[in-house]
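Below is one structure, written out as structure tokens; the observations come after it.
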Amino acid sequence: MVKRSTQRPDSGQGGGTGGGDGIGPAVPPGTTGRFLVLLRDDDSVRSFGKVAGLSVASPSDFENHAAPEDFGGAEALVLPSLGVAVVDSPPERMAALESDGGSNTNLRNS
Numbered sequence: 002m003v004k005r006s007t008q009r010p011d012s013g014q015g016g017g018t019g020g021g022d023g024i025g026p027a028v029p030p031g032t033t034g035r036f037l038v039l040l041r042d043d044d045s046v047r048s049f050g051k052v053a054g055l056s057v058a059s060p061s062d063f064e065n066h067a068a069p070e071d072f073g074g075a076e077a078l079v080l081p082s083l084g085v086a087v088v089d090s091p092p093e094r095m096a097a098l099e100s101d102g103g104s105n106t107n108l109r110n111s
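Residue numbers 2 to 111, in the working numbering, belong to the letters of the sequence shown in order.
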């Protein structure tokens, strides 16, 4: 099941990979173009980047634990205390992850 989150009130278009910038596929209005990956257990949180083949950042990587909007150049921001990863990656890549995702993750399109 895929779910998209609402866009930020101050932005005219979604951000991320398909931000309506002419580079990637257009992001439907009211979305960010990012995906939420629900990580089912601590092992999933620790291994997400390696399993997904994505560069991953964590709030602890940044000053005051505040990640910048672009995740400091990483493709995903893992929030270990919540068991969630926010991923900025093309839908095709996420579809491949979803089909190979195994039983330890659950994707939601945000």
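Each residue gets a CB set at the ideal place from its N, CA and C atoms; glycine is no exception.
Top-ranked residue by Cα proximity to residue i, from the options
i	options	result
Val46	Ala77, Glu64 and Met95	Ala77
Lys51	Phe72, Thr32 and Ala86	Ala86
Pro81	Arg94, Leu37, Pro29 and Glu99	Leu37
Ser56	Leu98, Gly74 and Gly84	Gly74
Leu39	Asn65, Ala53, Glu93 and Asp62	Ala53
Met95	Gly34, Phe72 and Gly84	Gly34
Asp44	Val79, Thr32 and Pro60	Val79
Strand pairing of residue i, partner residues [DSSP]
i	result
Leu78	Ala58 and Val87
DSSP three-state assignment for residue i, whether helix, strand or coil
i	result
Arg35	coil
Leu63	Correcting the residue identity first, residue 63 is Phe in this sequence and not Leu. DSSP places Phe63 in coil when its eight states are reduced to three.
Ala53	helix
Ala68	coil
Gly92	Looking at the sequence itself, residue 92 is Pro, so the reference to Gly does not match. Helix, per DSSP.
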